[in-house]
Every structure is written in structure tokens, then in C-alpha cells.
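For reference, the structure discussed in these notes is given below.
Protein chains: 2
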Amino acid sequence: MTKRTEIATLGEFGLIRHLTKKITLTNESSLKGVGDDAAVLDYGNKQTLVTTDLLLEGIHFDLSYVPLKHLGYKAAAVNFSDIYAMNGRPKQITVSIGVSKRFGVEDLDELYGGLQLACSIYGVDIVGGDTSASLTGLTISITCIGEGEKDKIVYRSGAKDTDLICVSGDLGAAYMGLQLLEREKQAFTGDTNFVPDFGGKEYLLERQLKPEARKDVIQMLDEAGIIPTAMIDVSDGLSSELLHIAKESAAGCRIYEERIPIDFQTASMAEQFGMNLVTAALNGGEDYELLFTVPLGMYEQAAALKGIHIIGHITAPGLGAYMIGRDGGEVKLLAQGWSAV
Amino acid sequence: MTKRTEIATLGEFGLIRHLTKKITLTNESSLKGVGDDAAVLDYGNKQTLVTTDLLLEGIHFDLSYVPLKHLGYKAAAVNFSDIYAMNGRPKQITVSIGVSKRFGVEDLDELYGGLQLACSIYGVDIVGGDTSASLTGLTISITCIGEGEKDKIVYRSGAKDTDLICVSGDLGAAYMGLQLLEREKQAFTGDTNFVPDFGGKEYLLERQLKPEARKDVIQMLDEAGIIPTAMIDVSDGLSSELLHIAKESAAGCRIYEERIPIDFQTASMAEQFGMNLVTAALNGGEDYELLFTVPLGMYEQAAALKGIHIIGHITAPGLGAYMIGRDGGEVKLLAQGWSAV
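Chain order of the listed sequences is C and H. All residue numbers for the first sequence refer to the numbering used here, where the first residue is 551 and numbers rise by one. All residue numbers for the second sequence refer to the numbering used here, where the first residue is 551 and numbers rise by one.
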């Protein structure tokens, strides 16, 4: 049986000490981390980027199939993704957690283990946070601070008519991974011999449970001398993100259904579930790929980027945001977001 | 009847637009606020301070007696307090909220109204955040970013033997305010004609419901040319904060019971409740006063500071942390923090 230490045995300050004792600072800009009223950072002449995310149990994650270590990893990675989406580099995070009595110290160790693994892989320091009791469930709030060069920070608002629309990796896999996990959760009815059927679907699970931020894409763009005109990460779904770029850039856009990159496992799973594949790719979300625009004149450089797909182009403002289907018909792109439960 | 608009009628993006449309940026360092993957800040040659707080309904606040506007104000002010406690200046906050169906748009407007009021008074910009549905209650996570001059940032760790221990304002009032609110909540048993008895206790309520961060103290210290050797804000109680300074500075401390500043209303309420007044002042918390140390040689300058009380001194490390009682006896100072519920 797994050891379980009641959080109450450590108390607040003991818990903070326990969770932060293994944290070391590696970034030159991290002058002072955990242990004072505020962290102290030094960005010299760089510009500072800040992003934040709130994750609530039952809304953003289901602990019946999400291991806490994966949850920690993902919580960190999705924040890094937001900084990369500005063409910046994540450098520090603060981590606030609210925990109910249901969780033991070992559970939080798992969560922090995932956070620290992600931080070490992406070169980010944990510099502070807050821990608190909670009446129900687990709450995680992460704020990420990053840096970028003034002339290289990329906003959502810079896309121009005729710019090419590019996206990294493939889309819809994390969403299909979630469907798969939900199906196996339904199938599991308390039978202790139950073995979930994930054979051949490992990629979908990985995309859902342990997504990566596309640091590599930012480095590749930098090496290729490409500064996108607009960029966003795909968290709510391609459709939603395209609408953000179109709105902020005061432009329209056209993407082509046949050009949307979709992995074989995603397609196969959608078929098994009888789900519309394109809907999964457009609205599934949690892909954490980078969606960006580059000037038409950079077509060759963009086309030469490994793992980057040119899926359409920006248009004049009045033309709306549409996907051109395989049959040539136009489908209006619609936003997706959460609704109050 | 108050108007109530279901949050679902706005959707996530509609809600973000609604909550952020009145937000303007006033700080030169706020280059880009809400509306991209991350805020963009520019701190030039200043050092950057970051602090964060997580507030959960039922743990940190009770909406049966805390108005949402006050809650917003307090949530912002307590973060500013952390930045002032580093001898810095708060400049930006990010605000993440999780809301259950119980809350309407007007409720969030109240909350944001309080946040914005505090921000406008303290000169801080709201630069980003996250909104999310929640299964139960209200969750608020705020991260505050501030700036400070490299040579003037004050840590908890700089206190030296013989330094004077100073504290601003008075202590224990916010805690007695909480006791008062809890008493009236108990007395209220659903009787619609119930009128809570707060007469003559306004100061206690204000300290609990609408605390201020001591920006004025930081300015006063600056004008007097005083850079404290160590500083912390009193959020968990004087005792707890003294122990933080002692531990981080590897020192001991002595404070004098008779010198602890306590308001008349606090004392009168403690008597009415039959509570130990000094315990309320030592362990009550939520005072958001500044506790700091200055070299003994600055006694005259420190004594001349308006509203600042010299309550004791730092000692050599081995001597522990004690309060000298009115009877001359020594009482060991103990830490207080939350325990898992």
C-alpha cells in the first residue's frame, strides 16, 4: 500500500518547506525564489512576459484517470506554451495549490514531481507560490514569467492580408485521447480486474496526459530567421484560435480542410467513435501546437520548416473566417469556450 | 430585486470581454495587457518582483458577510502588501477566477469593481488572467508583479543582532473584526428583520473587510532615507512573521508585550468576548501592517516615524524568539498557519 501522510501533520509552513526543499534556481534572472514575500527577478533590458492559468478538479482534470505527476507536468507545460506563443522564453513559475483532506503529502509530491520535471526539461525555475486548504478537491493556479526581445515578441494582432497561416504538429489527438479515457472510465464499473483498452492509442493518451510546449518550434523559427506576424497556441481548438488572430488582427481568414494535419491514430479513433474528425481537429483543443502567420513572400522558408503545415491564408477584414471543405464548400468557423456548469 | 445575468449567456470569451472592457493600462511598464497569450511588461533596469495568492471560498472568505466588492479590493490589496514588504512598488496583477453557477455576471462585476478600485488607488494595472467554470464556489488567484531598485529591495533575511524591530499601525483588529462578523452570523438565524450589531466597531470591520496595503509606510521610509535591514508584511500574525525574520536572518528576537500597538476597539472587543488580547495581536493575522528591522544606530530616525512602533530588538541566533510580558516573564513565540480541513 502506498504511504499516506496527512497534510495536517506538516502544517502550512512545514508543507511549503517540504514541497520546496528540492527546488533549485538555475536561471540567471532568478535572483530570489521561494521564501520571501515575493520572488525577485532581473530581466535587464529584456521584456517580461506573464501568463497565468487556473486548473480546477472536475472542470479541467479528472483524477480518476489523470495521474498527479502528469497533471503537474501538463499544468506547467501549458503555461510555457503561452510564453512560446509570444515568441518568448519561459523562465519562472509560481505555483499555488488548494488541497482538500482527501490528498496526502505523497500526492502533492507526485504533483510537484511533475511540475519539477517539466521545469527542468524546459529550463524554468519555480520561484514562489501559495498553498492552502480547500473544502473540495484540488485547485492549481500557475503564473509563468518569461522574457523576450522587444523586436521579436509576437502578438495575435499582427496578421496581414495574404499572410500564410501555419500550424505545427497535428491536431485533435488530445481531444480523442480524452474521449478514449472517458470511454474506459465508463467501461470500468468497479471491477478490480478491469484492464483499460489503450492498445495502439498511446499517442492519443500522451497528447492528452503529457502534452509538450513547442519550444523546438520557437527555436526552429529563430534559426530560420522567421519572425511570425501573429502567433497563438492552440489550447481551445484551431477554430477558436484562428478567430482570435482574425479579430485581433482585424482580418479574415481561409483554411483548407485537406491541409489540416491529423495523425492516423486520431482519424482511426474518430472513426471508431463515429465522430466527425474535422470537428475534433477544429474544436477539440488542448493541442498546444503553435498557430502562426508569416508573410506570403516567406512561402519557401515556411514550407521548408520541418513539421510545420501551411493550412491557409489571411484575407481582407470583411471576408470572415471560413474553412474550405474538401468539396469546395465554405464552413464558417465558430468559437468554442467553456460554459458555466 | 438585483438583476442577475447567467454567466452562460455570455460564454467564456464574452465573459472575459465583459470583465476586461473597462480595464485601461496606466503604468509605463505595462506594454500589453489582457488579450494575448501573455502580458508584456518592460522593467528596463529595475528588478522585477512577483507574488501570488490563492483565495478559496469557505477557507479564506465567507460570502455570507463579505461583500464581493470588498473581497475584490482585499484580494488585490493583500498582494500589493507583499510587494511593499520587499520595499517595492506593485505595478501589475493577473486575476484568475473560477465561478460556480451560483454566481451571475453582476456578482463578478462587483468583484472586479473592488479589484479595479484597489488597482486605481494603488496605481496598478490588471494585465491578464483566466476565467473558468467551477463545480463549487468561488476561487480567486492573483499574481502581482512589481518593481524595485536593486539596492533597495528588502528581504526577510537581513536582520542583525541589536537591530530594532518596528511595526506599523496596530495589530489584532482584523482578527477581532472577523470574530464580530462570525458572532453576528451566528445570531442571524434567518430572521429577515435581523440587524447586526456593529455600532462602535466600524474600525474592526474595516480592518477585516477592506484592509489597506501600507504604501504610505514605504514612501515614508524612502523619504526618511531608511532602508530596513529586513521586512515582511503581517498576514499570518506578528508571531509568525517575527519567526520568519528570525529564521531567515539566522537570529533571535525579543519583543515587549507593552509595546505591541493595539487599538481601543480591539481591546474592548476582546474584553467583551473574553478573549486574550495579546493572543489576538500575536496570532490573529490579516493585519497587513509592515514589520521591519532597522539598525540600532537609526533609533532616532525610527522613533520619529509617524505611526511606527518600536516593539523590540533582534538578538544573537541562539537566544530564540520570545515576548517579554508585562510581568517580565518570557513567552515563547509560536508560528500559526492553516491546517488541512
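Glycine included, each C-beta is placed from N, C-alpha and C at the ideal position.
Distance between Leu658(H) and Gly608(C) (C-alpha atoms, nearest Å): One-based indexing of the first sequence puts residue 608(C) at position 58. One-based indexing of the second sequence puts residue 658(H) at position 108. Cα-Cα distance, rounded: 22 Å.
Test item: CB-CB of Met770(H) and Ala635(H) under 9 Å: Stepping through the second sequence from its first residue, residue 770(H) is reached at position 220. Stepping through the second sequence from its first residue, residue 635(H) is reached at position 85. Against a cut-off of 9 Å, the Cβ pair of Ala635(H) and Met770(H) comes out as no contact.
Given Ala854(C) as reference, the closest of Leu793(C), Pro761(C), Val767(C) and Glu807(C) once Cα atoms are compared: What you label residue 854(C) is simply residue 304 of the first sequence in a count that begins at 1. Ranking Leu793(C), Pro761(C), Val767(C) and Glu807(C) by Cα distance to Ala854(C) puts Val767(C) first.
For Ser614(C) and Gly648(C), believed in contact at Cβ under 8 Å, the rounded distance: Here residue 648(C) is taken as the residue at index 98 of the first sequence, counted from 1. Here residue 614(C) is taken as the residue at index 64 of the first sequence, counted from 1. Contact flag wrong, Cβ pair sits at about 19 Å.
Endpoints, the alpha helix (DSSP H) within which Val717(H) is located: For the purposes of this step, residue 717(H) is identified with residue 167 of the second sequence, where counting begins at 1. Element bounds for Val717(H): not the alpha helix (DSSP H) but the beta strand (DSSP E), Leu714 to Ser718.
Gly879(H) - DSSP class collapsed to helix/strand/coil: As a first step, residue 879(H) must be located in the second sequence, where it is residue number 329. The answer is coil: DSSP assigns Gly879(H) none of H, G, I, E or B.
Meets three-Cβ-pair contact criterion under 8 Å: the segment 706 to 723 of chain C and the segment 804 to 821 of chain C: yes
Distance CB(Ala709(H))-CB(Ile795(H)) smaller than 9 Å: The residue you call residue 709(H) lines up with position 159 of the second sequence. The residue you call residue 795(H) lines up with position 245 of the second sequence. Closer than 9 Å, so yes.
3 or more residues per run - each beta strand (DSSP E) lying fully within the segment 661 to 716 of chain H: 675 to 683 and 688 to 698
Range covered by the beta strand (DSSP E) that runs through Ala589(H): For the purposes of this step, residue 589(H) is identified with residue 39 of the second sequence, where counting begins at 1. Ala589 to Asp592 is the extent of the beta strand (DSSP E) around Ala589(H).
Arg876(H) classed as buried or exposed, judged by whether at least 16 other C-beta atoms fall within 10 angstroms: Taking the first residue of the second sequence as 1, we reach residue 876(H) at position 326. Counting the other CB atoms within 10 Å of its CB gives Arg876(H) a total below 16, which places it among the exposed residues.
Given 8 Å, three or more beta-carbon pairs between the segment 843 to 850 of chain C and the segment 743 to 752 of chain C: no
Gln736(H) burial status per 10 Å Cβ neighbour count (16 or more: buried): In the second sequence, counting from the first residue as 1, residue 736(H) sits at position 186. By the 10 Å Cβ count, Gln736(H) comes out exposed.
Proximity test, Cβ basis, 9 Å: Arg706(C) and chain H: Working through the first sequence from its first residue, we reach residue 706(C) at position 156. It does: the Cβ of Arg706(C) has a partner Cβ on chain H nearer than 9 Å.
Chain C contacts from the segment 598 to 616 of chain H (Cβ-Cβ distance under 9 Å): Using a CB distance below 9 Å, the part of the segment 598 to 616 of chain H facing chain C consists of Thr598, Leu599, Val600, Thr601, Thr602, Asp603, Leu604, Leu605, Leu606, Glu607, Gly608, Ile609 and His610, ordered along the chain.
Cβ-based neighbour list, Thr576(H), same chain, cut-off 8 Å, excluding 5 preceding and 5 following: The count along the second sequence starts at 1 and reaches residue 576(H) at position 26. These residues qualify, in order along the chain: Gly673 and Asp675.
Proximity below 9 Å, CB of Thr829(C) to CB of Thr644(H): Numbered from 1 along the first sequence, position 279 holds the residue referred to as residue 829(C). Numbered from 1 along the second sequence, position 94 holds the residue referred to as residue 644(H). No; because the gap between Cβ atoms is not below 9 Å, this pair is not in contact.
C-beta neighbour in chain C for Leu569(H), strict 9 Å: As a first step, residue 569(H) must be located in the second sequence, where it is residue number 19. No, Leu569(H) does not count as interfacial toward chain C.
Interface partners of Gly673(H) on chain C, CB under 9 Å: For the purposes of this step, residue 673(H) is identified with residue 123 of the second sequence, where counting begins at 1. Here the premise fails: no neighbours, minimum Cβ distance about 17 Å.
Chain C residues whose Cβ lies nearer than 9 Å to that of Glu836(H): Position 286 of the second sequence, counted from the first residue, corresponds to residue 836(H). Here the premise fails: no neighbours, minimum Cβ distance about 14 Å.
DSSP bridge partner residues for Tyr806(H) (one or two, in chain order): For the purposes of this step, residue 806(H) is taken as the residue at position 256 of the second sequence. In the DSSP output, where bridge partners are listed per residue, Tyr806(H) has Ile874(H).
For Ile777(C), the nearest candidate out of Gly679(C), Gly862(C) and Arg706(C) (CA to CA): Translated into the one-based positions of the first sequence, residue 777(C) becomes position 227. Of the candidates Gly679(C), Gly862(C) and Arg706(C), the one whose C-alpha sits nearest the C-alpha of Ile777(C) is Arg706(C).
Terminal residues of the alpha helix (DSSP H) in which Thr829(H) lies: Taking the second sequence and counting its residues from 1, one reaches residue 829(H) at position 279. DSSP places Thr829(H) in the uninterrupted alpha helix (DSSP H) bounded by Leu827 to Asn833.
Exposure of Thr598(H), with buried meaning 16 or more beta-carbon neighbours within 10 Å: Translated into positions along the second sequence, residue 598(H) becomes position 48. Classification for Thr598(H): buried.
Helix, strand or coil at Leu575(C) [DSSP, three-state]: One-based indexing of the first sequence puts residue 575(C) at position 25. If DSSP states are grouped into helix, strand and coil, Leu575(C) belongs with coil.
Paired residues, beta bridge with Gln941(C) - DSSP: The structure shown has nothing for residue 941(C), since chain C only spans 551 to 891.
Chain C contact residues for Leu581(H), given Cβ-Cβ distances below 8 Å: Stepping through the second sequence from its first residue, residue 581(H) is reached at position 31. Those are Gln597, listed as they occur along chain C.
Nearest-angstrom Cα separation, counted from Gln822(H) out to Val715(H): Residue numbering aside, residue 715(H) sits at position 165 when the second sequence is read from its first letter. Residue numbering aside, residue 822(H) sits at position 272 when the second sequence is read from its first letter. Going by the sequence as given, residue 715(H) is Ile instead of Val. Approximately 30 Å between the Cα atoms of the pair.
Alpha-carbon spacing of Lys553(H) relative to Phe611(H), whole angstroms: Within the second sequence, numbered from 1, the residue matching residue 553(H) stands at position 3. Within the second sequence, numbered from 1, the residue matching residue 611(H) stands at position 61. Between Lys553(H) and Phe611(H), the C-alpha separation is close to 24 Å.
Cross-strand partners of Val655(C) (DSSP beta bridge): Here the question's residue 655(C) lines up with position 105 in the first sequence. Answer by DSSP bridge pairing: none, since Val655(C) is not bridged.
When Leu728(H), Thr779(H) and Glu699(H) are compared against Leu759(H), the one with the closest alpha-carbon: Position 209 of the second sequence, counting from 1, holds the residue named residue 759(H). When C-alpha distances from Leu759(H) are compared across Leu728(H), Thr779(H) and Glu699(H), the shortest belongs to Leu728(H).
Min CB distance Thr686(H) to chain C below 9 Å: Translated into the one-based positions of the second sequence, residue 686(H) becomes position 136. Yes, Thr686(H) lies at the interface with chain C (some Cβ there is under 9 Å from its Cβ).
Reduced DSSP secondary structure (H/G/I, E/B, other) of Ser799(C): Counting from one through the first sequence, the residue named residue 799(C) turns up at place 249. The answer is coil: DSSP assigns Ser799(C) none of H, G, I, E or B.
Contact list for Tyr593(H) against chain C, beta-carbon separation under 7 Å: Counted from its first residue, the second sequence places residue 593(H) at position 43. Result: Tyr593 and Thr598.
Interface positions of the segment 772 to 793 of chain C facing chain H (Cβ-Cβ less than 7 Å), listed along the chain: Ile782 and Asp783
Sub-9 Å separation of Thr689(H) and Leu604(H) beta-carbons: For the purposes of this step, residue 689(H) is taken as residue 139 along the second sequence, with counting starting at 1. For the purposes of this step, residue 604(H) is taken as residue 54 along the second sequence, with counting starting at 1. In this structure, the beta-carbon distance from Thr689(H) to Leu604(H) falls below 9 Å.
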